[in-house]
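Structure record follows, encoded as C-alpha cells.
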Amino acid sequence: MPRQPQVDPESALHDLAEDTSISEQQIATAVEEAVLETYHKLVEDDAEVHARVDIRNGRWEVYRVVDGVETPARVDMPEFPRLAAAAVRAAVAGRVEEASRRRVLDVAASRHGQLIDAIVERPAGQGWYVDAGGVAGMLPPEERIAGEPLERHQHIKVVVLEGRSRVHDAILVVSRSHPLLLHRLLEQEVPELQSGQVVVRGIARDPGRRSKVAVEAPLGDIDPQGACIGPRGVRQRAVTSELGTEQVQIVAWAAEPEQYVMNALIPAGVEAVELDDETHTAHVKVPSAQLSLAIGRAGENARLAARLTGWRIDIAAVEED
C-alpha cells in the first residue's frame, strides 16, 4: 500500500498553535476539513467520507461510509495524488490564518478600551510589535509617547484601540498616548473611581509632557482631587510612574464655565473670567506675576486648559497697583 501523505508532525502542529494562539485541536479540525475538501476536488467520488488526523505522527486517513456497514472502511490512497499533500497544507494555512484573524478581532471587540499588560517585542518602523496578552499587537508611531525609550522584553501598560485586518492576518492596535490610557491608570489606582464616588469629566493630554484631568464627586460627599492624588500623593505617583516623565494635574470639574476655566488653569491664580458666548472665548485676567505660569511653557498650560474645558482661552495680565 502506498505511503500516505504527511501533514505537519505533532511538534509542528504544537508550534503552529503557539504562534497563532489556536489550540492543537482547532488545527487538527482544520486539517480534517482540508483533507476532505481536497479529496473531493482531486477524486471524483461522491461517496460519503470522513477524515481522521493523527496528530501524534502527522498522518491522515480517509474513511468511506458504506450503507449497511456499521464500521466505515478505510480508503487506501493510491488514487489520491501526492499533490494532495501540498494542497492540504495550503488549505490548512488558509484556515489557520482565518482562525487567527478571528481571534484577534474578537479580542479587540471584547477588550476595546481596556487596560492590558503588553511586552515589547521588536521594532515596526517607528512603532513596535508587542505581545498584547498573548495576542499579536502593534503600538503604531502615532500611539507612542513621544520620546519614550522602549526596549525589547519591556513590560508596558497599553489600552486596546482596535483590531486591524491585514493581508494574511490581523493585529491588535494598542496605544500609550490616548487619553483613555490615563483614565484607566487612574481607575486602577483609585477605588473611588471604580465605585463611582468620583468620576472623570475630562482629560487633556500632551503625552510624555503634561496632562490635566478634571474630576467630580457627583454626591459631593468626598474630595475628588484628594481621592485621585491619594495620601501623600501615592496614587498620583503610581499613575505617573507608568507614564515616564509626564506630569499629571488633577483639577476640580465645575458646572459653571467660569469656575471650570479658573480651575483648569492651575497652578496659576486667576482674578477673573469673562465669557464671550458668540466666539466661545473665555477672557481670563491674571496678575502680571502669574502670566507666564498661566500660559505655560510654549503655551502648554493654556492649551491644555482650553482642550479640557472646550473654551478658547485668551489670557491677559492685570497690572497691579
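So for the sequence shown, the numbering used here puts the first residue at 19; every next one is plus one.
We put the CB at the ideal spot given by N, CA and C, even for glycine.
When you compare each of the options to residue i by their alpha carbons, which one comes out closest?
i    : options                : result
V302 : A290, E296, R202, D239 : A290
Q44  : A127, R121, H58        : R121
S128 : D149, V279, V177       : V177
I268 : A142, H201, Q172       : H201
I221 : E210, L203, E207       : L203
W271 : A117, P236, R315       : P236
Y5   : V67, V71, D72          : Residue 5 is absent from the model: the chain starts at 19 and stops at 339.
H196 : R184, E205, R223, R219 : R223
G152 : D294, E161, I247, V138 : V138
L293 : T258, R321, L311, I333 : I333
P305 : A286, V114, R77        : A286
T258 : L283, E207, Q277, V216 : E207
P159 : Q132, Q172, S193       : S193
A300 : G328, R315, L311       : G328
A154 : L309, R184, S229, A52  : R184
D239 : E274, G214, A164       : G214
L133 : R140, L123, E205, R250 : E205
E234 : L211, Q254, R250, E79  : L211
H298 : R325, A307, I284       : R325
A323 : W146, S229, D124, A126 : S229
Would you tell me roughly how many angstroms separate the C-alpha atoms of residue i and residue j, rounded to the nearest one?
i    : j    : result
I313 : N319 : 5 Å
L60  : A103 : 11 Å
G181 : V336 : 52 Å
V25  : A142 : At V25, the pLDDT of 45 sits below 50, so the modelled position is not reliable and the matter cannot be decided from this model.
R92  : T56  : 17 Å
I189 : A117 : 13 Å
D135 : A232 : 26 Å
H130 : R107 : 34 Å
D72  : A111 : 18 Å
L157 : V49  : 33 Å
V148 : P167 : 14 Å
G317 : Q144 : 28 Å
L199 : R330 : 25 Å
G262 : G226 : 7 Å
H186 : E115 : 6 Å
D64  : A46  : 24 Å
E276 : V191 : 39 Å
L309 : G248 : 30 Å
Q172 : R140 : 10 Å
N281 : E42  : 57 Å
V53  : E260 : 50 Å
E161 : R253 : 25 Å
A126 : L179 : 7 Å
E296 : L283 : 22 Å
E51  : P242 : 58 Å
Tell me, which residues are paired with residue i by DSSP?
i    : result
H301 : E292, D332
Y147 : R140, M156
Q265 : R228
H173 : I137
A270 : V233
S193 : V177
A222 : K230
Tell me which residue opens and which closes the alpha helix (DSSP H) that residue i is part of.
i    : result
V252 : 252 to 258
H201 : 197 to 207
H58  : 42 to 60
V279 : 275 to 282
A245 : 242 to 247
A235 : Element bounds for A235: n/a, residue is neither H nor E.
A324 : 318 to 327
S310 : 309 to 313
Beta strand (DSSP E) containing residue i: first to last residue?
i    : result
H186 : Segment: none, H186 is in no beta strand (DSSP E) and carries neither H nor E.
A69  : 67 to 72
Examine the ligand ZN and report whether any of its heavy atoms sits within less than 7 Å of the Cβ of residue i.
i   : result
T56 : Among the components of this structure there are no ligands whatsoever, and the ligand ZN is therefore not found.
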